[in-house]
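Before any comments, here is the structure.
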Amino acid sequence: MGVWSSLLMAIVGGSGSGKTTVAKKMNEKLNNFSSLIKMDNYYKDLPPGVNPQDINFDSPAAFDFDLFFQHLKNLSEGITVQVPDYSFITYRKEPGIYHEVSPKEVIIVEGILVLYEERFRSLFDLSVFIDTPDDERLLRRIERDMKERKRSIESIIDQYRKYVAPSFKSFVAPQKYYADLILPEGGFNDVGMGIIYDATVQKIQSMKKGSGSPA
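Count along the sequence shown from 1, add 29, and you get the number used in the working numbering.
So this is what it looks like as structure tokens:
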């Protein structure tokens, strides 16, 4: 029996960059050969009595990196994981609610800080940084948070100035230098998406040849 081998792909970018769109489109394009896992589900629970406006959700301290790493490692080894469901209304994991993610030939991993720690960078076979202008990211964040998270525009802008913009410069943007590919315009860049897809297929074929598996 052969050793399980998955190709891990990181899709990284700032909040509102379009990384979720890229990840979903790539997952759809790869059809039944890929699984998608989101870093957003690995936020730490907000402590009781704490105002969400006082928390920097773009900081590394906001995430449960250990659980996230363990799940990615399990998937890379062919082990199915139970991913928690995180609510952006309560800012806590939904008690007892999980969704199962099964290992596939390609594991697409999407999030703002996927390449932040060195131990994560060593897991990935291919990494992509979504490069989107600051003003466009802010507009998308306003639209998303008002529609999906029922927040006021004042609170969104205040949080952006206080936490999001500084965190992007300190934590998110530097990941660009660890990425294999930089994709401007995100999922709307058809040429770039094609290049990523072709690179993924080539790497899968190379991994199969290296392991002696039939093409």
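Heads up, the beta-carbon is just placed ideally off N, CA and C, and yes, glycines get one too.
Which of the three DSSP states, helix, strand or coil, is assigned to I136? Start at 1 with the first residue of the sequence shown, and residue 136 comes out as number 107. Correct three-state label for I136: strand.
Supposed contact pair G42 and F158 - C-beta distance, whole angstroms, cut 8 Å: The sequence position of residue 158 within the sequence shown is 129, counting from 1. The sequence position of residue 42 within the sequence shown is 13, counting from 1. Going by Cβ atoms, the distance from F158 to G42 rounds to 6 Å, so yes, they are a contact pair.
Apart from the five residues just before and just after R150, which ones in its own chain have a Cβ nearer than 6 Å to its Cβ? For the purposes of this step, residue 150 is taken as the residue at position 121 of the sequence shown. L144, Y207.
Under a Cβ-count criterion, where at least 16 other Cβ atoms within 10 Å of its own Cβ denotes burial, should G78 be classed as buried or exposed? Position 49 of the sequence shown, counted from the start, is the residue given in the question as residue 78. So G78 ends up on the exposed side.
Considering only their Cβ atoms, is the gap separating T109 from E129 smaller than 7 Å? Locating residue 129 in the sequence shown gives position 100, counting from the first residue. Locating residue 109 in the sequence shown gives position 80, counting from the first residue. Closer than 7 Å, so yes.
Starting from the Cα of A194, find the closest Cα among R166, K237, K102 and give me that residue. Indexing the sequence shown from 1 puts residue 194 at position 165. Cα-wise, what sits closest to A194 is R166.
Hey, would you say I40 sits closer than 7 Å to V51, going by beta carbons? Here residue 40 refers to the residue found at position 11 when the sequence shown is read from its first residue. Here residue 51 refers to the residue found at position 22 when the sequence shown is read from its first residue. Yes. Within cutoff.
When the Cα of M222 is compared with those of K48, N70, I171, which residue comes out closest? If you number the sequence shown from 1, residue 222 lands on position 193. Taking only the C-alpha atoms, the option nearest M222 is K48.
Beta-carbon spacing of M236, I137 below 7 Å: Within the sequence shown, residue 236 is the residue found at index 207, counting from 1. Within the sequence shown, residue 137 is the residue found at index 108, counting from 1. Contact flag unset, no.
So, helix, strand or coil for L144, using DSSP? Reading the sequence shown from its first residue, position 115 is the one you call residue 144. Three-state DSSP puts L144 in coil, outside helix and strand.
Per-residue DSSP class, three states only, for K123: As a working mapping, residue 123 is identified with position 94 in the sequence shown. Looking at the sequence itself, residue 123 is Glu, so the reference to Lys does not match. In this structure, E123 counts as strand in the three-state DSSP scheme.
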